[in-house]
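Visitor: Below you will find the structure I want to go over with you.
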Amino acid sequence: MIGGYMGKLLWVDLSTRAIRTETPDDSLYHKFIGGYGVGSRLLYDRMQAGTDPLGPGNILGLMTGPLTGSPAISGARYQAVARSPLTGGWGDANSGGHFGPALKSAGYDGVYFTGISEKPVYLLVDNGRAELKDASHLWGKDTYATEDILHAEYGASAKVVSIGPAGEKLSLIAGIITHRGDAAARAGLGAVMGSKRLKAVVAKGEMKVPVADIETANRLRAEHIEDLKSTGFLERFHQYGTGGHGDISAHSGDSPVRNWGGIGVIDTPDVSGLNKDKVIANLDRRTGCWRCPAACKGSLKAGPAEYPYPAGTHRLEYETMGALGVNCGNTNVPSIEMASHICNAYGMDTISAGGVIAFAMECYENGIIDRNDTDGIELTWGNSHAVVAMTEKMVKREGFGDVLADGVMRAAQRIGKGSEKFAVHSGGQELGLHDPKIASHQFAGMPSAAMYWLNSTPGRHTQAFGPPGFINHLNNALGICIIIFDQRVARGPYQEKMMRAVTGLDRSMDELLKAGERIANMRHVFNLREGLNPLKHHFHGRIWGNPPQTEGPLAGVTCDLKDEAYWYLGALDWDRFTTKPSRKKQEELGLNDIAEELWPPK
Ligand code: SF4
18 MIGGYMGKLL
28 WVDLSTRAIR
38 TETPDDSLYH
48 KFIGGYGVGS
58 RLLYDRMQAG
68 TDPLGPGNIL
78 GLMTGPLTGS
88 PAISGARYQA
98 VARSPLTGGW
108 GDANSGGHFG
118 PALKSAGYDG
128 VYFTGISEKP
138 VYLLVDNGRA
148 ELKDASHLWG
158 KDTYATEDIL
168 HAEYGASAKV
178 VSIGPAGEKL
188 SLIAGIITHR
198 GDAAARAGLG
208 AVMGSKRLKA
218 VVAKGEMKVP
228 VADIETANRL
238 RAEHIEDLKS
248 TGFLERFHQY
258 GTGGHGDISA
268 HSGDSPVRNW
278 GGIGVIDTPD
288 VSGLNKDKVI
298 ANLDRRTGCW
308 RCPAACKGSL
318 KAGPAEYPYP
328 AGTHRLEYET
338 MGALGVNCGN
348 TNVPSIEMAS
358 HICNAYGMDT
368 ISAGGVIAFA
378 MECYENGIID
388 RNDTDGIELT
398 WGNSHAVVAM
408 TEKMVKREGF
418 GDVLADGVMR
428 AAQRIGKGSE
438 KFAVHSGGQE
448 LGLHDPKIAS
458 HQFAGMPSAA
468 MYWLNSTPGR
478 HTQAFGPPGF
488 INHLNNALGI
498 CIIIFDQRVA
508 RGPYQEKMMR
518 AVTGLDRSMD
528 ELLKAGERIA
538 NMRHVFNLRE
548 GLNPLKHHFH
558 GRIWGNPPQT
568 EGPLAGVTCD
578 LKDEAYWYLG
588 ALDWDRFTTK
598 PSRKKQEELG
608 LNDIAEELWP
618 PK
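Going by the numbering used here, the first residue of the sequence shown is number 18, and it counts up by one from there.
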């Protein structure tokens, strides 16, 4: 077996309780690297088109990469994959923390679940052994309590991913949580886990990830850290994490304001509360993912009486701060921390939660709904108490929270009365919190909206779209963190060198990027098989400036969507109308079977 991999995948049929170990052919890892790369190939091959995302046929995978648990910095990631119940298409979600390395120490590169359990269960993976256990004592508990109970049973070295009540109640914006707030939150994969009555996965073990040349790998790690220190990145990022620019982003046009329809400098003139030092004012200690030298996260002291989140709540990430903050017109940090804590404990995506509350606020402000609909909550812009109260109702599916708990698109369908015009989403998913118009404006029309529009998991920006996305697909498949690993440093990029040291395989960066392109194609053909053409899915005009804003830093800016799509689809060699990848491209990527399916002989 090549280095970096444990060489084993677990398959768990929750309907029959059968568990088997598969030893995949090396070629699967060669071609798709790991993470959602391997996941996309396996799900395409083993799942029927048209499978109900919440039915027994959906496959839920938790998958690491070859650098997960290796000396590579930030090798802490795993990805969840399944057909998304939120978008109906390909779904993946990414998380740091400690679970990924623990799964490899337990002996596996990934675990895949099929079927539906009769009763709530959790999976214990312990040093090469796997067992389904009764989870009736955990069902209904939040993710913090679930982790605490399982840690008490298996020790602190056991790492846990779990769903909270939001996933159990099949909220389509539910996520999978580890480490009290590291979330594989996107695409509603927490609901898939809930539909399978799978409460948690516990991984523990002492197995070592095989490394072909440990001395070189350790030297590269040390050099990479040195390089990152020399740029000042490590110190800066350790200090503030991703939340160090909330005030700047709110006024520059980077952060969407008031459901993507507002203007920061006008609608939230005072953003002093979002200043980087104020955002960390209640910080107790800095924390991070497994062996990451940046340790860009943090743990808070207990919240104030008005917003009493518990000690240990995760400090705010930028996306959470934007979604539950200025996108709702809210600049009150303790309230955002409280809402973030509720999402983490109950297992809900903070990005989607903020998006749907912002939508409801706009409906309220425009008289489409009133206090009679909202259980008496005044959903006015900037009402920080309302943000917290509605978050709590959503995660519990109580009252009006039940209307909102499946995301913006379905909330608009339920409310009707013209509310659809305020439903800001891309293909069914709420968007990440960087307005693509700013890149288009500041970098002379740089393609930007396409990544939200055409991505296989629409609404995400962290994967990019088209050729710039290949490096992100590679990084995700490797099991490393795109935030830190792709910082430009003197002796970088490190992917090629570290892969060589860890796996022992001599693969050039071009070859690795080709794998990134293969993954982009695999995710896309999964959607094509479901009849999804991204050019046809809903993409709200506010995202790309149609009509453009009339004031503020983005006044007059409209992204040229058609132009972006034209160039990107051309560069991918995907048809500019059907988005079907060419036969030539599939053959070039070694996806000959896909070429045959897409282009059957006449
Ligand atoms: S940079 Fe932050 S998010 Fe990325 S791996 Fe390190 S601690 Fe985790």
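Think of the CB as a built atom: it goes at the ideal place given N, C-alpha and C, for glycine as much as any other residue.
Out of 225, 108, 496, point me to the one whose CA is closest to residue 207's CA.
Guide: Among 225, 108, 496, the Cα nearest to that of residue 207 is on 108.
Visitor: Is the CB-CB distance between residue 222 and residue 147 below 8 angstroms?
Guide: Not closer than 8 angstroms, so no.
Visitor: Using a Cβ-Cβ cut-off of 8 angstroms (strictly less than) and excluding sequence neighbours within five positions of residue 244, which residues of its own chain qualify?
Guide: Closer than 8 angstroms at the Cβ level, and outside the excluded window around residue 244, lie 506, 507, 508, 509.
Visitor: Here's the rule I'm using: 16 or more other beta-carbon atoms within 10 Å means buried, otherwise exposed. How should residue 283 be labelled?
Guide: Exposed: under 16 other Cβ atoms inside 10 Å.
Visitor: Is it the case that the CB of residue 418 approaches a heavy atom of the ligand SF4 more closely than 7 angstroms?
Guide: Checking the Cβ of residue 418 against the ligand SF4 gives no.
Visitor: Please find out if some non-hydrogen atom of the ligand SF4 comes closer than 7 angstroms to the beta-carbon of residue 312.
Guide: Yes.
Visitor: Give the secondary structure of residue 574 by DSSP, where H, G and I count as helix, E and B as strand, and everything else as coil.
Guide: Coil.
Visitor: Rank 564, 251, 337, 228 by C-alpha distance to the C-alpha of residue 633 and give the top, closest one.
Guide: Beyond the ends of the chain as shown, which are 18 and 619, falls residue 633; an answer cannot be given.
Visitor: Inspect the beta-carbon positions of residue 184 and residue 211 and report whether they are closer than 8 angstroms.
Guide: Yes.
Visitor: Taking 8 angstroms as the threshold, find out whether the region 290-304 comes into contact with the region 398-416 through three or more Cβ pairs.
Guide: Output reads no: the region 398-416 does not touch the region 290-304.
Visitor: Are there 16 or more other CB atoms within 10 angstroms of the CB of residue 65, so buried, or fewer, so exposed?
Guide: Classification for residue 65: exposed.
Visitor: Could you tell me if residue 609 is buried or exposed, where buried requires 16 or more neighbouring beta carbons within 10 angstroms of its beta carbon?
Guide: Answer is exposed; the Cβ neighbour count stays below 16.
Visitor: Where in the region 23-74 do unbroken runs of the beta strand (DSSP E), each at least 3 residues long, occur, reported from the N-terminal end onward?
Guide: Qualifying beta strand (DSSP E) stretches, in chain order: 26-30, 35-39.
Visitor: Could you tell me whether the region 316-326 touches the region 598-617, using the rule of 3 or more Cβ pairs below 8 angstroms?
Guide: No: fewer than three Cβ pairs fall under 8 angstroms.
Visitor: Leaving out the 5 sequence neighbours to the left and right, which residues in its chain are closer than 6 angstroms to residue 379 when beta-carbon positions are compared?
Guide: Here the set comprises 276, 439.
Visitor: Give the range of the beta strand (DSSP E) segment to which residue 96 is assigned.
Guide: 95-100 is the extent of the beta strand (DSSP E) around residue 96.
Visitor: Does the distance between the C-beta of residue 93 and the nearest non-hydrogen atom of the ligand SF4 fall short of 7 angstroms?
Guide: It does: the Cβ of residue 93 is within 7 angstroms (strictly closer) of some heavy atom of the ligand SF4.
Visitor: Does DSSP put residue 538 in a helix, in a strand, or in coil?
Guide: Three-state result, residue 538: helix.
Visitor: Consider the C-beta atom of residue 449 and the heavy atoms of the ligand FMN; say whether any pair is separated by less than 7 angstroms.
Guide: This structure lacks the ligand FMN; the ligands present are the ligand SF4.
Visitor: Name the two residues that bound the continuous beta strand (DSSP E) containing residue 128.
Guide: Residues 127-131.
Visitor: Hey, how far is the Cα of residue 552 from the Cα of residue 224?
Guide: For residue 552 and residue 224, the distance between alpha carbons rounds to 46 angstroms.
Visitor: Would DSSP call residue 111 helix, strand or coil?
Guide: Here residue 111 sits in strand by DSSP.
Visitor: Please classify residue 580 as buried or exposed, where buried requires at least 16 other C-beta atoms within 10 Å of its C-beta.
Guide: Burial call: exposed.
Visitor: Output the distance between the C-alpha atoms of residue 541 and residue 80, rounded to the nearest integer angstrom.
Guide: Straight-line Cα distance between these residues: approximately 19 angstroms.
Visitor: Specify, as a first and last residue, the run of the alpha helix (DSSP H) that residue 407 falls within.
Guide: From DSSP, the alpha helix (DSSP H) with residue 407 extends over 401-413.
Visitor: Okay, do the region 579-595 and the region 520-529 touch, 3+ Cβ pairs below 8 angstroms being the bar?
Guide: No, the region 579-595 does not touch the region 520-529.
Visitor: What residues are listed by DSSP as bridge partners for residue 151?
Guide: Paired residue(s): 138.
Visitor: I need the boundaries of the beta strand (DSSP E) containing residue 365, first residue and last residue.
Guide: Neither: residue 365 is in no beta strand (DSSP E) and is coded neither H nor E.
Visitor: Contact defined as beta carbons within less than 8 angstroms: I believe residue 495 pairs with residue 215. What is the distance between those atoms, to the nearest angstrom?
Guide: Not a contact, Cβ separation roughly 26 angstroms.
Visitor: Would residue 544 be called buried (16 or more neighbouring beta carbons within 10 Å of its own) or exposed?
Guide: Looking at its Cβ environment, which holds 16 or more other Cβ atoms inside 10 Å, residue 544 is buried.
Visitor: Report the CB separation of residue 41 from residue 26 in whole angstroms; it is logged as a contact under 8 angstroms.
Guide: Right, the Cβ-Cβ distance comes to about 6 angstroms (below 8 angstroms), so this counts as a contact.
Visitor: Closer than 7 angstroms by C-beta to residue 304: which residues in its own chain qualify, once you throw out the five before and the five after it? Chain order, please.
Guide: Within the same chain, residue 304 has close Cβ partners 312, 314, 315, 316.
Visitor: Of the choices 465, 437, 134, whose alpha-carbon is the least far from that of residue 429?
Guide: Comparing Cα-Cα distances from residue 429 to each of 465, 437, 134, the minimum goes to 437.
Visitor: Measure the CB-CB distance between residue 96 and residue 201 and report whether it falls below 8 angstroms.
Guide: Yes, the Cβ-Cβ distance between residue 96 and residue 201 is below 8 angstroms.
Visitor: Going by alpha carbons, who is nearest to residue 358 out of 92, 159, 85?
Guide: The shortest Cα separation from residue 358 among 92, 159, 85 belongs to 159.
Visitor: Please classify residue 224: does DSSP put it in a helix, a strand, or coil?
Guide: Three-state DSSP puts residue 224 in coil, outside helix and strand.
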